[in-house]
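Peer 1: Order-wise, the sequence lines are chains A and B. Taking the numbering used here, I'd label the letters of the first sequence as residues 34 to 214. Taking the numbering used here, I'd label the letters of the second sequence as residues 34 to 214. What follows is a structure written as structure tokens; I'll ask about it next.
Number of protein chains: 2
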Amino acid sequence: MDAMLGEVALIHWPDEAERLERTRRRGAPRLLLLGPGTEAPAVADPLEDWMRLPAPDDDLRARIRTLEARASTDVLPRVVDGTLAHHGTWVPLSPLEERLAGALTERFGAVVGREALMRAAWPDAPPSRNALDVHVLRLRRRIENLGLEIRTVRSRGYVLQMGNGQMARSQMARSQMARSS
Amino acid sequence: MDAMLGEVALIHWPDEAERLERTRRRGAPRLLLLGPGTEAPAVADPLEDWMRLPAPDDDLRARIRTLEARASTDVLPRVVDGTLAHHGTWVPLSPLEERLAGALTERFGAVVGREALMRAAWPDAPPSRNALDVHVLRLRRRIENLGLEIRTVRSRGYVLQMGNGQMARSQMARSQMARSS
DNA sequence: CCGGGACGTTCACGACGACGAAACACGGTC
DNA sequence: GACCGTGTTTCGTCGTCGTGAACGTCCCGG
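Structure, rendered in structure tokens:
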């Protein structure tokens, strides 16, 4: 299924509007193909591009290659079946860690408040304050082999992001968008 | 002067190769304009795009707007959720630093008066005069890793701007003259 | 030309709170 | 019984923020 994530979807616009929506939600790269007379869309997402038809084959391939390149350095970590998968490998998660990691991956690159993490980890009956710290610590140690890290924002929360040196530009843009929303 | 940072550079390719290099180094958004018969470049940077000439004016404008939108969430520093984000990375801020940085980023590149900063940092009950200086110092040290700097305008206030590593050439020359005199 | 004052920079310190980390205890499972 | 998942206690470390003081620099009046 990961093969699909890196594959560029070619979408006729505006005919396939619904398919575009689904592709966006999946976070997959996509190239919009515009018929003559169609207005060019303005979207900031680095994984989306457009091209007016007819166009030279080479140009089309160049845009597809660019989107593929962005997507390949830009795979988001995902929580699947008690595991955290990222960059072609994965680590097992305990049930509680799964809830924590889920809350963090949903807002990848953005600050997730302590209370939000508390609610995610313990929907009812939150334990002592320190329990969260301990589980964040254990989660940290698990995911560092995936090239991920959890950074602290003191008195606010935590941020899940790429480890040192492997941050992709498009991710930064997206996480900043997420943070502002 | 700093208005240039968010502005999309229009670069004829491959005629203006050198200018392209400079623009890339600055991290500024750029749109390559290809003459007919030129091969389309494949670059993953979300702040770079290309277009084959001749092209409809609307299409050109659409691509420029997209680059501007990406640049605005990427090139200008922003205070979000207890962090200062800039150029793809970020640093945590203490609550007080967040208020200071907020006042400075709102007027990025312009002088912000001491009183304005005082009011931003301490809405009620301003502490000793020196407190502001100390916090500006600490903020300076934090943001230098982001390629940002706070410059002093004596008896007026402070200016938040790009650091020396990523300035336009004209700006660098100017600040070096100021320092050596 | 010199002295003094205003202003800015930097360091060191103290108090407090948030966070990190180790160690331990307990229950459930294979 | 060994192991894992989870929560708690305890203690150390580090961030935060105000203050005082030393030092440097600029400018102004004598």
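Where is the CB? At the ideal position from N, CA and C, for every residue including glycine. Note that the structure is a prediction, hence the values are computed from the model and not measured.
Could you check the C-alpha separation between Val2/B and Arg147/B for me, to the nearest Å?
Peer 2: Because chain B in this structure spans residues 34 to 214, residue 2/B falls outside the shown range and cannot be described.
Peer 1: Looking at chain A, is there any beta carbon in it that lies within less than 9 Å of the beta carbon of Asp114/B?
Peer 2: yes
Peer 1: From Leu179/B, Val192/B, Asp90/B, Pro156/B, pick the residue whose C-alpha is nearest to that of Leu66/B; which is it?
Peer 2: Asp90/B
Peer 1: Indicate whether Pro69/A and Leu53/A have their beta-carbon atoms separated by less than 9 Å.
Peer 2: no
Peer 1: DSSP beta-bridge partners for Arg63/B?
Peer 2: Ala42/B, Glu81/B
Peer 1: Looking at the C-beta of Asp35/A, does it have a partner C-beta in chain B at a distance below 9 Å?
Peer 2: Low local confidence applies: a pLDDT of 42 at Asp35/A is under 50, so the model's placement there is unreliable, with the coordinate-based value given in what follows. False, the Cβ-Cβ gap to chain B never drops below 9 Å.
Peer 1: Following a CB-centred definition, is Ser161/A positioned closer than 8 Å to any heavy atom of the ligand MN?
Peer 2: No copy of the ligand MN appears in this structure; indeed no ligand is present at all.
Peer 1: Starting from Leu93/B, trace the beta strand (DSSP E) in both directions and tell me its first and last residue.
Peer 2: Element bounds for Leu93/B: not the beta strand (DSSP E) but the alpha helix (DSSP H), 90–105.
Peer 1: Any contact between the segment 159–173 of chain A and the segment 92–105 of chain A? By contact I mean 3 or more CB pairs, one from each, below 8 Å.
Peer 2: no
Peer 1: Taking Cβ to Cβ, would you say Leu117/B is nearer than 9 Å to Leu170/B?
Peer 2: no
Peer 1: Roughly how many whole angstroms lie between the Cα atoms of Pro156/A and Ala134/A?
Peer 2: Cα-Cα distance, rounded: 15 Å.
Peer 1: Could you name the residues of chain B that Pro79/A contacts, counting a contact when the two beta carbons are closer than 8 Å?
Peer 2: Pro79, Arg103
Peer 1: Near Leu100/A, which residues of its chain fall below 7 Å by C-beta distance, leaving aside the five closest residues on each side in sequence?
Peer 2: Once the five neighbours on either side are set aside, the close Cβ partners of Leu100/A are Val41, Pro62, Leu64, Leu80, Asp82.
Peer 1: Would you mind working out which of Val108/B, Leu93/B, Pro74/B, Asp78/B sits nearest Asp92/A, comparing C-alpha positions?
Peer 2: Pro74/B
Peer 1: Going by DSSP in three states, Glu72/B sits in which element: helix, strand or coil?
Peer 2: coil
Peer 1: Report the partner residues of Pro125/B according to the DSSP bridge assignment.
Peer 2: According to DSSP, Pro125/B bridges with Thr116/B.
Peer 1: Just reading off the beta strand (DSSP E) that Leu193/B is part of, what are its end residues?
Peer 2: 190–195
Peer 1: For Met84/A, I'd like the list of residues in its chain whose CB is within less than 8 Å of its CB, leaving aside the five on either flank, ordered along the chain.
Peer 2: Leu64, Leu65, Leu66, Leu67, Asp92, Leu93, Arg96
Peer 1: Along chain B, in chain order, which residues have C-beta atoms closer than 7 Å to that of Arg85/A?
Peer 2: Around Arg85/A, the beta-carbon contacts reaching into chain B at under 7 Å are Asp92.
Peer 1: Name the residues in the segment 130–159 of chain A whose C-beta lies less than 8 Å from a C-beta of chain B; which are they?
Peer 2: Ala143, Val144
Peer 1: Could you tell me the alpha carbon to alpha carbon distance between Arg55/B and Tyr191/B, rounded to whole angstroms?
Peer 2: 28 Å
Peer 1: Which of helix, strand or coil does DSSP assign to Val167/B?
Peer 2: helix
Peer 1: Identify the continuous beta strand (DSSP E) that holds Leu86/A and give its terminal residues.
Peer 2: In the DSSP assignment, Leu86/A falls outside any beta strand (DSSP E), carrying neither H nor E.
Peer 1: Suppose contacts are defined by Cβ-Cβ distances below 9 Å. Is Leu109/B in contact with Val145/B by that definition?
Peer 2: No.
Peer 1: At 7 Å on the CB atoms, spell out the chain A contacts of Val169/B, in chain order.
Peer 2: Those do not exist, as Val169/B stays about 20 Å from chain A at its closest Cβ, beyond 7 Å.
Peer 1: Go to Arg147/A, then tell me how far its alpha helix (DSSP H) extends in each direction, as first and last residue.
Peer 2: Segment 147–154, the alpha helix (DSSP H) holding Arg147/A.
Peer 1: Within 9 Å of any Cβ in chain A, is that where the Cβ of Thr99/B sits?
Peer 2: yes
Peer 1: Grab me the residues of Met200/B's own chain with a C-beta within less than 7 Å of its C-beta, minus the 5 sequence neighbours each way, in chain order.
Peer 2: Unreliable placement is indicated for Met200/B, whose pLDDT of 45 sits below 50; the coordinate value is still reported in the next sentence. If the five residues before and after Met200/B are omitted, its C-beta is found closer than 7 Å to no C-beta atom of its own chain.
Peer 1: Rounding to the nearest angstrom, what Cα-Cα distance links Pro47/A and Val76/B in this structure?
Peer 2: 27 Å
Peer 1: Using a C-beta cutoff of 9 Å, does Ala50/B count as contacting chain A?
Peer 2: no
Peer 1: Counting contacts by CB-CB distance shorter than 9 Å, is Val41/B in contact with chain A?
Peer 2: no
Peer 1: Just how far apart, CA to CA, sit Gly121/A and Arg111/A?
Peer 2: 11 Å
Peer 1: Determine, for Pro125/B, whether the minimum Cβ-Cβ distance to residues of chain A falls below 9 Å.
Peer 2: Yes, because at least one Cβ of chain A sits closer than 9 Å to the Cβ of Pro125/B.
Peer 1: Distance cutoff 9 Å, beta carbons only. Does Ala95/B sit that close to anything in chain A?
Peer 2: yes
Peer 1: Kindly say whether Thr56/B, judged by its beta-carbon, lies nearer than 9 Å to any beta-carbon of chain A.
Peer 2: So, not an interface residue.
Peer 1: Would you check if the distance between the CB atom of Ser188/A and the CB atom of Gly115/B is smaller than 9 Å?
Peer 2: yes
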